[in-house]
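Working notes for the structure below.
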Amino acid sequence: MPRGDGTGPTGQGPGTGGGRGRGMGRQGGPRAAGPGGECVCPVCGEKAPHVAGTPCSSQVCPKCGARMARA
Ligand SMILES: [Zn+2]
Numbered sequence: 241m242p243r244g245d246g247t248g249p250t251g252q253g254p255g256t257g258g259g260r261g262r263g264m265g266r267q268g269g270p271r272a273a274g275p276g277g278e279c280v281c282p283v284c285g286e287k288a289p290h291v292a293g294t295p296c297s298s299q300v301c302p303k304c305g306a307r308m309a310r311a
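This is the structure we're talking about:
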């Protein structure tokens, strides 16, 4: 339950400062192969890991050579 983001109703009590530490600190490093980084071939359904910096539309299917799409 998100709280302390400033958009909620007032009257939370003197609990200011308890919201720090959220947002950063988790998975802040270089994303190597995170979830969701996958491309899928719309033709044969072959899946390939998404290469950072290279759109799926720029990749080709290793099986049939069709352009990949985001999974
Ligand atoms: Zn394919």
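Residue numbers for the sequence shown, in the numbering used here: 241 to 311.
By construction, the Cβ of each residue, glycine as well, lies at the ideal position given by its N, Cα and C atoms.
P282 is a Cβ neighbour of A309, given a cutoff of 8 Å. Relative to ligand 1, the beta carbon of E278 is positioned no closer than 7 Å to any heavy atom. In the DSSP assignment, E286 falls outside any beta strand (DSSP E), carrying neither H nor E.
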